[in-house]
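Asks: Structure provided below as structure tokens; questions to follow.
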Amino acid sequence: MGIPFPSLEFFKALQQRTKDEAAAFEKLGYCDTTFGIRVGSELYRVVFEIYECVEVGEGGDPSELDFVLSAPLDLWREMLEAIQANGGADAAHTINTLTHVGDVMKVEYEDPEGHDRLYRFMATIQAFLDEASGLDLEFA
Amino acid sequence: MAYIAPKDFSQDPELLATVMRVMGGDLDLSWMKDHPHPVRAQASQPTRGLTLDDINQDPAYGPESIPEIVRHNFSMAPRGAVLPDGLPSLGYRVNRKSDVWADHGPSLFEESKSRRWAPARTIPWKELDSADYSREEDLAIRQIATSLISASLVAADVPSRWVWLMNQEFHEIKYLLCAHMFDAARLAEAFRKRALYGHGSLGRDSRELGDFLKMVIDSETFPLASAATNLTLFSILQGLGRHLEFVSRNAADTRLATYFVQDATRSIAYGVDHIRSLLTKRPNEVVALNEHLDLIENGLVGLLGSRELIEPLIVLSGGLDAVASFYRRTVEEYFERCASAGLGDRTDHSPLPDFLKLIEGQR
Amino acid sequence: MSYYGSTEYLANDDFVLRMKDIRKGNLDLGWLDAGTEQIEVNAASEKRGLTYLDLNKGSYGYDELPEIPRGPRGSAPRGAAYEVANQADLGPELNLKSDVWAYKVASFYEEAVSRQWDATTDVPWQDLARYETPEEVEIAFAQLCTFFTEVEMIATDLPAKWCWRMNNQFHEVKGFIASQAIDEARHAEVFRKRALAGGVGLMRALPQAEHSLKAILDSDTYSEASAFMHLLAEGNILTMFRFSEFISPTPVDKRMFQLVMQDEARHVSYGMQHLKWILDNTPERKEQLHAALDEAENFSLNQFDSALFEAMIVLAGKGTSPAQIKKGIEIVGTLQIKQIEEYFQRLRRAGFEDRIERSKFRDLLAMISLSNQEPTLPS
Ligand SMILES: [Fe+2]
Ligand SMILES: [Fe+2]
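Protein chains in written order, with our numbering: chain B, 1 to 140; chain A, 1001 to 1363; chain R, 2001 to 2379.
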């Protein structure tokens, strides 16, 4: 049985990877942000403190999040499959590429400063998602 | 010679007497009582280390002890030290806290050290060997990299121009500006390496870019320079970084653009917080800042429309529409930051909206 | 004072027409044919990565950069195509290579980038509590850290004062002194943190030392400032760091001094190589540097501030008993002689040995009168 996506279990598995790969995440530097990942209508909350992901959760108030990465399930699936195929996002499936011109993935935010945290910590957030390459996933 | 000692100390009996006394073992030791604010600062979160915020908890040393107008210290004595008579003035000209202060300054400095990188090794340059760019695309990237070397060098010059004029009471902001200098020098390095790697060459200097950068660095006061650099220039650089990441088809360009965006955004974060706290303290400054940005944004219009920027972007993006859409996004986000900093809605007096309409074919 | 450009773009017909033309898909693409040199660049060592040394080729390299680079005054990077008449003049004041250049500066820059560290996490602050330090030693250490916090920032302010005045042709030097600015900010940071983490806090600022700092900042030219600061003052500080590591009360402090020392050595090396470059390439500047160092040495003599030297004596002797003070004086006396000897060695290596004859420090050595013999001049 693989880990279902989307699920809290999936984000917990990524969270654990930031601890297992502590040295790699430390090398990228501090990362202090609480952001959301919205898959279809489901919202997950990811909290980073210092170097690692310290908390993940389901639901919550988007206005308390720095930003929310929002996309339909199909797109997340495409991105995760690319991550799995390439051992990390290929150039066409990085978070920045997906959220830039065309906005296939949306960045929702209320505070421009919260929004800018996506860019300040982009390498860490990308590395966090890239950790899915080692997971056995099952898509809903 | 600008500063000359009042004595020839090699012939000074007073100095000689001090040396003889101390080195003869007759110590005065009165300085041992000069520690009026004992403190044992500790890391609030050990994994984060001992941060500037941790050592600023004690009010004798923290930034709340800085008055709005600094009148008590023009020397290099660190904030909270005992100030004996006879300290010289180092000639600081930025002595007003709200001219420089941002509460996030100390943590942004910590972040910049923590998120350090080294272009020589962080970027997997070899990945460029198999990059599948056409000749035009290849030269387009090198042309944009050429412009980014110029922009980065001037982005290093702006903090350099001001930091040495700032009172030492604001040391956290001085540290941060040194980090900005270094970050920008590192970007100049990274883009020079990008432009020249492989069968490399630099492109052509842009008159419009040079003019825009000169406007930015010649800003008359530090707050005006901070707004023009950290808000305007770095918003555009951040947008360019995002776009380069977007059009990248290899790991080297992707990583370079990602680090570029991170570094640029730290400058933006300082700019927003700095201008916001300045305007909270001195709301009237909003007029001068907005007038300055109106004119700076004219320079930005020139840059965005310069052949050396827009044409390679079109080549890389497969047409003008993608570039226009990225320009619009970047300008809108920039306006959001200005509003968040307290500058209000800039849409009406900025030349940027009309420029966007022009390239979108609506004007 | 502000500059607002030469063109109001949206009111400029040429610009508006250009945009409309581009909108129609008519690109000029002149930049594709910039006429610049094409070179082949690869990393000489994969392990080291791609360095500025690998880019030292043809019109892009620093070896081919002449003493007087005529023409460039704007933001164009070295080797890019530009028009002299069409560049926005940034008004650089340092335009001669010998104004700023140093042998090996590209290597110093690369080293600085790769050896950055973080005072927040690279010093094991949490271990400080594990060590018991006698109160008077901790107080003396806090005085020493106050002094270091005070003086470090001169070495950010001085590079900053000159960096933006340097022509963009010298980007390796600009990069190096930007790296120095952040190095020194980190030094001020680490010493402040140490003073505030040890229980004592900051102590007395030192007016005599500060007059030297003012003289550095106010130096008439970058090269005079560099000779004073990089070579003389930072050379002294480097010797003091080595001394401080030696007498550090805890392993935490040893670690701190090891980290600052490697940066400091890089700054001193740049100063020595800049001086050498000047003397090799523009020997006519020698007398001007002599005069600057005459006064710099004079200011340095006055840095004998009793609070600082007494603190060093207490630290070196590990206390204030007569026996400890006696031992402390011996060590500090040796340090002073070492500082001067090392300064003389650096002058010699930079090709400035006739400075040694003229140096005011010979008088200081006599004043210390700890050593009856002449300082051992390096051969
Ligand atoms: Fe230093
Ligand atoms: Fe130094």
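Built from N, CA and C at the ideal position, the CB exists for glycine as well.
Keeping to the same chain, check which residues put their C-beta closer than 7 Å to that of residue 1351/A; ignore five residues upstream and five downstream.
Replies: If you number the second sequence from 1, residue 1351/A lands on position 351. Hits under 7 Å: 1297, 1298, 1301.
Asks: Would residue 1158/A and residue 1225/A qualify as a contact pair, given that the criterion is a beta-carbon distance under 9 Å?
Replies: As a working mapping, residue 1158/A is identified with position 158 in the second sequence. As a working mapping, residue 1225/A is identified with position 225 in the second sequence. Contact flag set, yes.
Asks: To the nearest angstrom, how far is it from the Cα of residue 2026/R to the Cα of residue 1358/A?
Replies: What you label residue 2026/R is simply residue 26 of the third sequence in a count that begins at 1. What you label residue 1358/A is simply residue 358 of the second sequence in a count that begins at 1. Residue 2026/R and residue 1358/A: Cα-Cα distance of roughly 15 Å.
Asks: Taking 9 Å as the threshold (C-beta atoms), are residue 2119/R and residue 1050/A in contact?
Replies: As a first step, residue 1050/A is located in the second sequence; it is residue number 50 there, counting from the start. As a first step, residue 2119/R is located in the third sequence; it is residue number 119 there, counting from the start. Yes, they are a contact pair.
Asks: Quick check on residue 2373/R - is its C-beta less than 9 Å from some C-beta in chain A?
Replies: Here the question's residue 2373/R lines up with position 373 in the third sequence. With a pLDDT of 39 at residue 2373/R, under the threshold of 50, the predicted position of this residue should be treated as unreliable, though the coordinate-derived value follows. By this cut-off, residue 2373/R is not an interface position.
Asks: Report yes or no: do three or more beta-carbon pairs, one from the segment 1194-1206 of chain A and one from the segment 1158-1170 of chain A, lie closer than 8 Å?
Replies: No, the segment 1194-1206 of chain A does not touch the segment 1158-1170 of chain A.
Asks: What in chain E is Cβ-close to residue 84/B, meaning under 7 Å?
Replies: Protein chains in the displayed structure are B, A and R, and chain E is not among them.
Asks: Heavy atom of ligand 1 less than 8 Å from the Cβ of residue 2264/R, yes or no?
Replies: Walking along the third sequence from the start, residue 2264/R turns up at place 264. For ligand 1, at least one heavy atom lies less than 8 Å from the Cβ of residue 2264/R.
Asks: Would you identify the three-state DSSP class for residue 1140/A, choosing helix, strand or coil?
Replies: For the purposes of this step, residue 1140/A is identified with residue 140 of the second sequence, where counting begins at 1. Here residue 1140/A sits in helix by DSSP.
Asks: Looking at residue 2320/R: is its Cβ nearer than 9 Å to the Cβ of residue 2138/R?
Replies: In the third sequence, counting from the first residue as 1, residue 2320/R sits at position 320. In the third sequence, counting from the first residue as 1, residue 2138/R sits at position 138. For residue 2320/R and residue 2138/R, no; Cβs fall outside 9 Å.
Asks: What does residue 1942/R reach in chain A if we use C-beta pairs closer than 7 Å?
Replies: Within the shown structure, residues of chain R are numbered from 2001 to 2379, placing residue 1942/R beyond reach of any answer.
Asks: Closer than 6 Å by C-beta to residue 2309/R: which residues in its own chain qualify, once you throw out the five before and the five after it? Chain order, please.
Replies: The residue given as residue 2309/R occupies position 309 in the third sequence. Around residue 2309/R: no qualifying Cβ.
Asks: Do residue 1315/A and residue 1137/A have their beta-carbon atoms positioned less than 9 Å apart in this structure?
Replies: For this step, residue 1137/A is matched to residue 137 along the second sequence. For this step, residue 1315/A is matched to residue 315 along the second sequence. In this structure, residue 1315/A lies closer than 9 Å to residue 1137/A by Cβ.
Asks: With distances taken between CB atoms, is the gap from residue 2278/R to residue 2293/R smaller than 9 Å?
Replies: On the third sequence, position 278 is the one that residue 2278/R refers to. On the third sequence, position 293 is the one that residue 2293/R refers to. Cβ distance not < 9 Å, so residue 2278/R and residue 2293/R don't count as in contact.
Asks: Let me confirm a value: residue 2380/R is counted as buried when at least 16 other C-beta atoms fall within 10 Å, else exposed. Which label applies?
Replies: Within the shown structure, residues of chain R are numbered from 2001 to 2379, placing residue 2380/R beyond reach of any answer.
Asks: Can you tell me which residues form a DSSP beta bridge with residue 1198/A?
Replies: On the second sequence, residue 1198/A is found 198 positions in, with the first residue counted as 1. Bridge partners of residue 1198/A: 2041/R.
Asks: Starting from the Cα of residue 2190/R, find the closest Cα among 2221/R, 2039/R, 2142/R and give me that residue.
Replies: What you label residue 2190/R is simply residue 190 of the third sequence in a count that begins at 1. When each option's Cα is compared against that of residue 2190/R, the closest is 2142/R.
Asks: Ligand 1 and residue 131/B: does any heavy atom of the ligand fall closer than 8 Å to the residue's C-beta?
Replies: Here residue 131/B is taken as the residue at index 131 of the first sequence, counted from 1. No; taking the cut-off as 8 Å, the Cβ of residue 131/B has no heavy atom of ligand 1 nearer than that.
Asks: Would residue 2287/R and residue 2359/R qualify as a contact pair, given that the criterion is a beta-carbon distance under 9 Å?
Replies: One-based indexing of the third sequence puts residue 2287/R at position 287. One-based indexing of the third sequence puts residue 2359/R at position 359. Taking 9 Å as the Cβ cut-off, residue 2287/R and residue 2359/R do not qualify as a contacting pair.
Asks: To the nearest angstrom, how far is the alpha carbon of residue 2076/R from that of residue 2002/R?
Replies: Reading the third sequence from its first residue, position 76 is the one you call residue 2076/R. Reading the third sequence from its first residue, position 2 is the one you call residue 2002/R. Their Cα atoms are separated by approximately 21 Å.
Asks: Please tell me whether residue 2060/R and residue 2037/R are closer than 9 Å, where the distance is taken between their beta carbons.
Replies: As a working mapping, residue 2060/R is identified with position 60 in the third sequence. As a working mapping, residue 2037/R is identified with position 37 in the third sequence. Yes, these two residues count as a Cβ contact at 9 Å.
Asks: Output yes if chain R places a C-beta closer than 9 Å to the C-beta of residue 1031/A; else output no.
Replies: Here residue 1031/A is taken as the residue at index 31 of the second sequence, counted from 1. Answer yes: the Cβ-Cβ gap between residue 1031/A and chain R drops below 9 Å somewhere.
Asks: Given that a residue counts as buried once 16 or more other Cβ atoms are within 10 Å of its Cβ, and exposed if not, what is residue 1166/A?
Replies: Counting from one through the second sequence, the residue named residue 1166/A turns up at place 166. Its Cβ being crowded by 16 or more others within 10 Å, residue 1166/A is buried.
Asks: Residue 2177/R: beta carbon under 8 Å from a heavy atom of ligand 1?
Replies: By 1-based counting over the third sequence, the position of residue 2177/R is 177. The answer is no for residue 2177/R.
Asks: Could you tell me whether the Cβ atoms of residue 154/B and residue 66/B are closer together than 9 Å?
Replies: The structure shown does not extend to residue 154/B, since chain B is modelled only from 1 through 140, so no value can be given for it.
Asks: Taking the Cβ atom as the reference point for each residue, do residue 1178/A and residue 2156/R lie within a distance shorter than 9 Å?
Replies: Start at 1 with the first residue of the second sequence, and residue 1178/A comes out as number 178. Start at 1 with the first residue of the third sequence, and residue 2156/R comes out as number 156. Yes. Within cutoff.
Asks: Report the partner residues of residue 31/B according to the DSSP bridge assignment.
Replies: Start at 1 with the first residue of the first sequence, and residue 31/B comes out as number 31. Per DSSP, none; premise fails for residue 31/B.
Asks: So with Cβ pairs under 9 Å, would you call residue 1272/A a contact of chain B?
Replies: For this step, residue 1272/A is matched to residue 272 along the second sequence. True, the Cβ-Cβ gap to chain B drops below 9 Å.
Asks: Around the C-beta of residue 1072/A, are 16 or more other C-beta atoms found within 10 angstroms, so that it is buried, or is it exposed?
Replies: Position 72 of the second sequence, counted from the start, is the residue given in the question as residue 1072/A. Classification for residue 1072/A: exposed.
Asks: Could you check whether the Cβ of residue 32/B sits closer than 9 Å to any Cβ belonging to chain A?
Replies: Stepping through the first sequence from its first residue, residue 32/B is reached at position 32. Yes, residue 32/B lies at the interface with chain A (some Cβ there is under 9 Å from its Cβ).
Asks: Using 10 angstroms around the beta-carbon of residue 1293/A, count the other beta-carbons present and answer buried if the total reaches 16, otherwise exposed.
Replies: On the second sequence, position 293 is the one that residue 1293/A refers to. Classification of residue 1293/A: buried, given that the 10 Å Cβ count is 16 or more.
Asks: For residue 2230/R, verify whether its CB is less than 8 Å away from any heavy atom of ligand 4.
Replies: Of the ligands this structure carries, namely ligand 1 and ligand 2, none is ligand 4.
Asks: If you count every other CB in all the chains shown that lies within 10 Å of the CB of residue 33/B, and 16 or more means buried, which is it?
Replies: Here residue 33/B is taken as the residue at index 33 of the first sequence, counted from 1. The residue in question, residue 33/B, is buried, as its Cβ has 16 or more Cβ neighbours within 10 Å.
Asks: Compute the distance between the beta-carbons of residue 79/B and residue 96/B, then report whether it is under 9 Å.
Replies: Taking the first sequence and counting its residues from 1, one reaches residue 79/B at position 79. Taking the first sequence and counting its residues from 1, one reaches residue 96/B at position 96. Not closer than 9 Å, so no.
Asks: Could you check the C-alpha separation between residue 2046/R and residue 1124/A for me, to the nearest Å?
Replies: Position 46 of the third sequence, counted from the first residue, corresponds to residue 2046/R. Position 124 of the second sequence, counted from the first residue, corresponds to residue 1124/A. Going from the Cα of residue 2046/R to the Cα of residue 1124/A covers about 10 Å.
Asks: Verify the CB distance criterion: does residue 2015/R have a CB-CB separation below 9 Å to chain A?
Replies: Here residue 2015/R corresponds to residue number 15 of the third sequence, with the count starting at 1. Interface residue, yes.
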